[in-house]
Structure formats: C-alpha cells, structure tokens
Ligand SMILES: [Fe+2]
C-alpha cells in the first residue's frame with residue numbers, strides 16, 4: 034500500500050493542486066492528511082472541498098482547526114483583536130458545511146496496514162514531547178541557515194546529526210513501540226528510523242507553507258508498506274512560491290488581516306519562519322508601551338509590524354534584537370539603537386579600517402570584512418555590555434556584542450556560513466586586543482570617521 038502524506042496546507046489551494054497532480058502521476062490513490070487546512074493562504078474553503086472530494090483518505094485535525102472551533106457561536110461584534118484578524122477572516126470565509134466537516138474530524142487516527150501500526154496526529158509532542166521545535170523547529174532552522182541557500186541533502190544531514198546528538202530526544206524515541214508515527218505542525222520535512230527498532234517518525238513538511246528553507250518547492254511524503262516492509266520517500270514538487278506569495282495581495286484576506294498576510298507572504302517567498310519572531314517582537318513591544326491586551330489591540334499589532342519590518346531590512350545577526358537596545362549615554366547624535374549605528378558604519382567601514390592581513394580581499398560589497406573587533410569595541414563604547422568572541426577554524430576570534438542579554442553582531446554578513454553564537458563564547462578584553470598597536474590605531478580611525486560622519 035502506498036500513501037501520499039500531506040500536511041499543513043493552510044489554505045493554499047494552488048499548492049494542494051500541484052501536489053495532487055504529482056501524486057496522481059505516480060498512481061497513488063491513498064491519502065493521509067495530517068492537519069492544518071486553513072489559516073494563512075486565502076483558499077481555506079476550496080482546500081477543504083478538494084479534500085472532501087478525495088476518496089481514500091485519513092484526515093485528522095490540526096491546531097488551526099482548534100482556532101476555528103474557538104470562534105463558533107461567538108459574538109462577532111467582539112472580534113477586535115489584531116492577532117486574531119486572520120482567524121476572523123477564516124471563519125467568515127469557510128462555509129458552515131465545510132467547517133462542520135473539518136471540526137468533525139478526529140484529533141488522531143490509528144490504523145494497521147499490512148501488520149504495521151500507523152499513528153497519525155498533528156504534533157509529534159503527542160508522541161515524544163517538545164523536542165522537535167527545540168532542536169529542528171522552523172525558528173531554529175531560520176536562525177541556523179539565515180540567508181543561506183539550503184540544499185535538501187545538507188538539511189537532512191543537519192537534522193539527523195542534531196537529533197542523534199541529543200540525549201533527551203534519543204531517550205524519548207527509544208521508548209516508542211514499533212510502528213509508524215506521522216505528524217506535521219513544524220512545517221519541516223524530515224523522517225527518522227530509530228536504530229535497531231521498527232519505529233519510524235515521519236513529518237511530511239508543510240505543503241502549503243513550507244518553512245524548512247528549501248525554496249520554491251512543496252513537500253509531501255510517500256509511505257510505502259509492502260509485506261510488512263516500510264519505505265519512506267520525501268518528495269519536493271517545484272512550485273513558484275515567490276510568484277504565488279505576490280498574488281495574496283489581491284485577496285480580501287490581505288485587506289482584513291493585513292499584518293498576518295504580509296508576514297505569510299514573506300514566509301512563502303523565503304520558505305522560512307517569520308511569524309513566531311514577529312509575535313515575540315510584538316509581545317515585547319506591547320510590554321514596553323504598557324499595553325497588556327492580548328492577543329493585541331489592532332493599533333499595537335500594526336505599529337509593531339511597521340517597526341519590526343524596518344528592523345528586518347537589516348541582515349546582520351541579531352537584527353531583530355537590537356531595536357530593544359538603546360544608547361543611554363548619548364555618545365553620538367542620532368545614534369539611538371545599533372541599527373542607527375550600523376547605518377552610520379556602512380558609510381565609514383573601509384579598506385583602511387580592515388585588518389591588514391585581510392585588506393587585499395576587502396571590497397565595498399563585503400564592507401564588514403575584517404572589521405569585527407574594532408566595531409564591537411565601538412559598539413561597547415556607545416551601548417555598553419560586553420564583547421564576546423566566536424572561535425573560528427583559523428584560531429582567531431570573531432567579535433560580537435551582548436548588551437542587556439541581547440546578542441548581536443554588526444559584522445556577521447562577511448561570513449558565508451552562519452556562525453554559532455554560544456553563551457560559552459569567551460569574553461574579549463579590550464586591553465588585550467589593543468595591545469596590538471595597529472588595531473588600536475584602526476579603532477581610533479573608525480571612531481574618528483564615525484564621529485565626523487554623524488556630526
Ligand atoms: Fe501548521
């Protein structure tokens with residue numbers, strides 16, 4: 034028996050159609066749908082209708098169906114929360130009949146195929162706790178592979194080595210009974226066979242809103258069980274998610290749940306997590322302005338979005354963190370946050386301020402190259418905190434800043450590969466660095482140029 038496992042469609046009908054076409058070409062007629070049919074793309078009703086029209090299927094509910102259910106029978110005049118705008122739009126754009134169908138689906142399904150037990154539920158947490166999001170969730174991947182093209186082979190290796198090196202994860206899965214465990218929710222496609230046991234974990238990824246960084250493809254997974262033998266094959270169907278994301282602008286969803294839809298457009302076109310970062314941001318922003326309303330007044334929700342988007346246009350590590358960091362020292366006019374400092378530094382970083390051994394490779398396009406230590410100590414002058422260093426393969430430290438617990442690195446863009454910043458990184462001592470006279474002179478030069486530029 035061959036099953037096509039499809040999950041997390043999130044209202045994306047064109048994605049469902051593209052995957053169904055691929056499934057049909059392969060002659061597969063059995064389906065497993067692992068939850069989250071609505072919320073985010075503007076075709077939830079059509080997605081549900083399409084699934085209802087499929088003959089051989091197992092369908093379970095996901096967490097988005099829970100949001101839909103929570104609105105049933107509620108007074109719509111009270112629907113005024115910013116974060117909930119997308120849920121309100123969904124509720125109003127799914128027919129009652131389709132809503133009833135969706136909400137009548139079970140939360141989990143267990144079945145036996147050819148003597149093999151199959152368990153289907155929306156989140157892996159039901160099987161082994163919160164390990165997936167902690168280790169290989171879309172937020173973790175977005176930070177780990179930020180701005181870098183991800184190849185499915187590299188991602189697979191990264192996921193397997195991450196989970197195999199995690200004792201807690203390996204211990205929890207060792208307790209599972211033989212069988213196939215199917216789940217979705219994280220929007221990251223992966224699978225794992227527990228060594229020495231007939232236990233298979235399968236996440237087919239999100240067909241409608243992939244967040245594992247493999248751009249312009251739609252994931253689904255084929256489960257093949259024959260004479261008790263299990264084969265798992267991950268498929269990625271090419272689909273122009275960048276063009277598709279732009280079409281969301283024409284939907285009523287864009288008007289009625291504007292902030293959410295704009296973030297989803299960013300997620301679709303990058304295949305990377307954004308929404309949870311924004312929710313963290315708006316939460317901190319609301320706390321800052323003393324607004325206790327949750328899930329957020331529309332005003333707070335929209336203003337926070339504008340601020341967050343501005344910070345997102347910066348690509349250095351910690352760009353979302355630094356809007357929270359302020360200079361209380363009033364050292365430089367117009368420099369309030371490290372974003373202001375970054376803007377000013379882009380006008381003054383130059384070959385002369387680059388470390389001598391790296392100057393030949395310095396270019397205006399790679400302006401942060403060879404500038405890390407002097408920049409970090411300048412940041413410290415203005416914002417306080419400490420300078421820390423990531424130990425590089427060549428034995429040198431790459432310097433970055435930690436201010437009030439916010440980790441950021443104004444010169445991270447020079448690296449092809451994302452660095453791993455750890456709380457164990459060594460604190461860098463100014464006096465030790467400036468014992469090298471040439472470095473102290475470059476620091477003075479950078480400082481002088483900066484002060485001149487903002488005067
Ligand atoms: Fe989902």
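Numbering (the numbering used here), first residue to last: 34 to 488.
Note that CB positions come from ideal geometry on N, CA and C, so glycine has one too.
So residue i and residue j are in contact, right, with Cβ under 8 Å, and what is the actual spacing, rounded?
| i | j | result |
| --- | --- | --- |
| residue 213 | residue 150 | 7 Å |
| residue 97 | residue 130 | Not quite, the Cβ-Cβ distance comes to about 18 Å (not below 8 Å), so this is no contact. |
| residue 267 | residue 252 | 7 Å |
| residue 67 | residue 216 | 6 Å |
| residue 84 | residue 90 | 7 Å |
| residue 231 | residue 199 | Between residue 199 and residue 231 the Cβ distance is about 22 Å, and since that is not below 8 Å, they are no contact. |
| residue 354 | residue 440 | 6 Å |
| residue 115 | residue 328 | 7 Å |
| residue 365 | residue 484 | 7 Å |
| residue 166 | residue 219 | 6 Å |
| residue 418 | residue 430 | About 17 Å; that fails the 8 Å criterion. |
| residue 246 | residue 174 | 6 Å |
| residue 12 | residue 386 | Any answer about residue 12 is impossible in this case: the structure gives the chain only from 34 up to 488. |
| residue 368 | residue 487 | 7 Å |
| residue 408 | residue 443 | 5 Å |
What does the alpha-carbon distance come out to for the pair residue i and residue j?
| i | j | result |
| --- | --- | --- |
| residue 277 | residue 183 | 20 Å |
| residue 326 | residue 54 | 45 Å |
| residue 63 | residue 125 | 31 Å |
| residue 482 | residue 381 | 6 Å |
| residue 102 | residue 315 | 25 Å |
| residue 190 | residue 260 | 29 Å |
| residue 225 | residue 306 | 22 Å |
| residue 273 | residue 250 | 7 Å |
| residue 139 | residue 322 | 42 Å |
| residue 157 | residue 359 | 40 Å |
| residue 374 | residue 282 | 34 Å |
| residue 49 | residue 248 | 17 Å |
| residue 52 | residue 113 | 36 Å |
| residue 384 | residue 170 | 39 Å |
| residue 41 | residue 93 | 11 Å |
| residue 415 | residue 378 | 13 Å |
| residue 57 | residue 241 | 18 Å |
| residue 117 | residue 479 | 47 Å |
| residue 547 | residue 262 | No answer is possible for residue 547: it lies beyond the span of the chain, which begins at 34 and ends at 488. |
| residue 223 | residue 428 | 35 Å |
| residue 460 | residue 344 | 27 Å |
| residue 308 | residue 301 | 11 Å |
| residue 293 | residue 370 | 26 Å |
| residue 291 | residue 376 | 29 Å |
| residue 351 | residue 195 | 23 Å |
| residue 155 | residue 99 | 12 Å |
| residue 235 | residue 320 | 39 Å |
| residue 108 | residue 335 | 23 Å |
| residue 35 | residue 60 | 9 Å |
| residue 332 | residue 119 | 15 Å |
| residue 489 | residue 37 | Outside the modelled stretch of the chain, which goes from 34 to 488, sits residue 489, for which no answer is possible. |
| residue 227 | residue 264 | 14 Å |
| residue 202 | residue 254 | 23 Å |
| residue 438 | residue 347 | 20 Å |
| residue 132 | residue 287 | 22 Å |
| residue 424 | residue 393 | 23 Å |
| residue 45 | residue 128 | 16 Å |
| residue 299 | residue 401 | 26 Å |
| residue 324 | residue 229 | 53 Å |
| residue 406 | residue 446 | 14 Å |
| residue 95 | residue 467 | 57 Å |
Taking contact to mean 3 or more Cβ pairs, one atom from each stretch, closer than 8 Å, check whether the stretch 337–345 and the stretch 120–136 are in contact. Taking one beta carbon from each stretch, the stretch 337–345 and the stretch 120–136 have fewer than 3 pairs nearer than 8 Å; the two do not touch.
Below 8 Å, can you find three or more Cβ-Cβ pairs linking the stretch 76–87 to the stretch 104–118? Under the 8 Å Cβ criterion, the stretch 76–87 does not count as touching the stretch 104–118, having fewer than three qualifying pairs.
Could you name each continuous alpha helix (DSSP H) segment of 4 residues or more that falls completely within the stretch 262–290, going from the start of the chain to the end? Listed in chain order, they are 274–280 and 285–289.
I'd like to know if the stretch 154–161 and the stretch 195–213 are in contact, where contact means that at least 3 CB-CB pairs between them fall below 8 Å. Contact between the stretch 154–161 and the stretch 195–213 is present, because at least three Cβ pairs lie under 8 Å.
Enumerated in chain order, which unbroken segments of the alpha helix (DSSP H) with a length of 4 residues or greater are wholly contained in the stretch 53–86? Restricting attention to alpha helix (DSSP H) runs no shorter than 4 residues, the stretch 53–86 encloses them at 77–85, ordered along the chain.
Taking 5 Å as the limit, name every residue whose beta carbon sits nearer than that to some heavy atom of ligand 1, in sequence order. Those residues, listed in chain order, are 41 and 69.
Inspect the CB distances between the stretch 468–479 and the stretch 438–451 and report whether three or more fall short of 8 Å. No: the two stretches stay apart, fewer than three of their Cβ pairs being nearer than 8 Å.
For the stretch 426–476, list the beta strand (DSSP E) runs that are entirely contained and at least 3 residues long, ordered along the chain. The stretch 426–476 is shown to contain whole beta strand (DSSP E) runs of 3 or more residues at 430–436 and 439–441, in chain order.
Can you list, in chain order, the stretches of the beta strand (DSSP E) that have 3 or more residues and sit fully within the stretch 205–269? If we require 3 residues or more, the beta strand (DSSP E) runs fully inside the stretch 205–269 come out as 212–215, 222–226, 232–237 and 250–259.
Runs of alpha helix (DSSP H) lying entirely within the stretch 123–177, each at least 4 residues, in chain order: Within the stretch 123–177, the complete alpha helix (DSSP H) runs of at least 4 residues are 129–136, 158–161, 164–169 and 171–177.
Could you pull out every unbroken alpha helix (DSSP H) segment of at least 4 residues lying fully inside the stretch 328–416, listed in chain order? For the stretch 328–416, whole alpha helix (DSSP H) runs of length 4 or above, ordered along the chain, are 331–345, 371–378 and 405–416.
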